[in-house]
Amino acid sequence: MATTARAKSRNSSPSSSPKSRNLSTLKGGVIRPNQPALVLAPMDGVTDAPMRAYQGASGAFSFAVSEFLRVSIEVLPAKVFRRDVPELLTGGLNPTGMPVQVQILGGDPDRMAQSAVVAVKAGAQSIDINFGCPAPTVNRHDGGASILRCPPRIREIVSAVRQAVPKPIPVSAKVRLGWDNIESIFETARMAEEGGAEWLTIHARTRVQGYQPPVYWPKVGEVRRQLSIPVVANGDIWTIDDFRRCQDETGCIHFMIGRGALANPLLPLQAARELGLTKKPVPDRIDWLTTLRDFVRQCDFYADCPPHVTVMRLKQWVKIAKLYGDFPYFDAVKQTQSLDEFFDALDRAMLSPSAP
C-alpha cells in the first residue's frame with residue numbers, strides 16, 4: 026500500500042524540534058564502512074510517511090528506507106515519487122530531520138535505471154533496490170525476491186541503476202539469503218557488489234521461509250567477511266537481547282529494524298545506545314497512550330490520511346505489538362471505529378484494575 030500523503034505545511038511539524046544532523050554525511054541516508062548505523066526498514070503498507078515521521082522523532086534511526094515503488098511496464102513519473110515519498114520535497118528529510126532513502130522494485134534494468142534517474146531529479150538523495158520482497162503478487166510479476174533465482178540479474182539491474190544516476194548518489198540493494206537455499210547468498214552478494222552497490226542489506230531468511238523461523242544471522246556474518254562493501258543485518262530483531270545476539274553472530278555494525286520497532290517502541294533507542302549513536306535515556310516502560318497519540322499527530326500532519334484510515338493504522342500497529350511484543354489491550358480496541366472510541370477504550374483498559 027503506497028502512501029499518498031502530502032504534508033499540510035512544510036514549515037510546521039508536530040515534533041517539538043527537528044533533530045540536528047550533519048547533512049553532509051547523512052542526507053538521503055548513507056551507510057559508511059566504519060560508522061555504525063540503525064536503519065528503519067521498508068514495510069509495504071506500514072512505514073509510510075506518517076510512520077517514518079513518528080519513528081524519526083526519537084533520533085534513534087540514522088535514516089529510513091521508503092516503501093518500495095514498483096517499476097513495471099512504464100518508467101515511474103516524478104509525481105509518483107513525490108506523492109509516495111513526500112520527503113523528496115524537503116531535501117530527502119522528513120519533518121523530524123531524518124533522511125529517507127527511496128526504494129524501487131522491478132525486473133527490467135532499463136526501466137529501473139530510468140526510474141531511478143527520475144527519482145533523483147525529483148529529489149532522491151540515494152536509491153535502494155528491493156530484491157527481497159517475498160509477496161507472491163510481487164514475485165509473480167518479476168519483482169522482489171523472485172530475482173534471487175537468477176543472481177546475475179541482480180548485477181545487471183544494480184549496474185544499470187548505478188551507471189544511470191550521478192556518482193555522488195549512493196545505490197544499495199536489499200536481498201534475502203536466497204529463494205530456497207541459504208548458500209546462494211554468496212553469489213547474490215557478489216553480484217550486487219560487482220554491479221556497484223555501495224552497501225548490501227541482508228534479511229537473514231530465504232524467500233520460501235517468508236517470516237518463519239529460523240533466521241540465519243551467522244550466514245550474514247560469513248557474507249560480511251567476504252565483501253568489501255558494508256553489510257546491513259536485518260531480520261527478527263525484536264528485543265535488545267536479539268539485537269546483541271545479532272551483533273555477536275554477524276559482526277555487523279549496521280542494522281535494519283522493521284516490525285521490532287512497532288512491537289517494542291523502545292527498541293530503536295535501546296539499539297542506538299548500544300551502537301553509540303545516542304546517549305538519550307530509555308524510558309522504563311512503553312507509554313502506549315502517548316506513543317499512539319504521537320503517531321496520530323503525525324497522521325494528521327499529512328493531508329491525505331483521514332481519521333478512519335488512521336484508526337486502521339492504529340489497529341495494524343497494535344496487532345503487531347500484540348503478536349510480537351507486549352500490548353495487552355488489543356481486545357479492548359479492536360472493534361472501535363473512530364479515534365475517540367479507540368482512545369477511550371484504550372484509556373479504560375489501561376485504568377482497569379486488571380491492567381498490567
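Heads up: the sequence shown runs through residues 26 to 381, numbered per the working numbering. From the three backbone atoms N, C-alpha and C, an ideal C-beta is built for every residue, glycine too.
Whole-number beta carbon distance between residue j and residue i, since they are thought to touch under 8 Å
i: Gly-285; j: Ile-262; result: 5 Å
i: Gly-157; j: Lys-199; result: 5 Å
i: Val-248; j: Asp-153; result: Actually they do not touch by this definition, with Cβ atoms about 18 Å apart.
i: Leu-252; j: Glu-208; result: The Cβ separation is near 16 Å, so there is no contact.
i: Met-123; j: Gly-81; result: 3 Å
Helix, strand or coil at residue i [DSSP, three-state]
i: Ala-89; result: strand
i: Phe-280; result: strand
i: Ala-346; result: helix
i: Arg-77; result: helix
i: Asn-155; result: strand
i: Thr-115; result: helix
i: Pro-243; result: helix
i: Gly-203; result: strand
i: Ile-227; result: strand
i: Pro-134; result: helix
i: Leu-65; result: strand
i: Gln-60; result: strand
For residue i, the nearest candidate out of the options (CA to CA)
i: Phe-326; options: Glu-299, Asn-119, Ala-346, Trp-204; result: Asn-119
i: Asp-205; options: Ala-189, Thr-213, Ile-182, Val-233; result: Val-233
i: Cys-324; options: Val-64, Asp-69, Asp-73, Lys-359; result: Asp-73
i: Tyr-241; options: Asp-273, Lys-347, Glu-218, Asp-309; result: Asp-273
i: Glu-99; options: Leu-292, Val-143, Gln-126; result: Val-143
i: Arg-107; options: Gln-126, Gln-341, Ser-363; result: Gln-126
i: Thr-315; options: Val-190, Arg-270, Met-375; result: Met-375
C-beta contact flag for residue i and residue j at 8 Å
i: Ala-320; j: Tyr-79; result: As written in the sequence, residue 320 is Phe, which differs from the Ala given in the question. Cβ distance < 8 Å, so Phe-320 and Tyr-79 count as in contact.
i: Asp-135; j: Ala-185; result: yes
i: Gly-168; j: Gly-148; result: no
i: Val-256; j: His-279; result: yes
i: Gly-132; j: Ile-172; result: yes
i: Leu-63; j: Ala-346; result: no
i: Gly-260; j: Arg-230; result: yes
i: Leu-302; j: Pro-58; result: no
i: Ile-56; j: Phe-93; result: no
i: Val-190; j: Val-183; result: no
i: Leu-292; j: Trp-342; result: no
Residues sharing a beta bridge with residue i, DSSP
i: Val-96; result: Looking at the DSSP assignment, Val-96 forms no beta bridge with any residue, so it has no partner.
i: Asp-329; result: According to DSSP, Asp-329 bridges with nothing at all.
i: Asn-410; result: For residue 410 there is no data in the structure shown, the boundaries of the chain being 26 and 381.
i: Ile-129; result: Leu-94, Ile-154
i: Ala-198; result: Ile-154, Leu-225
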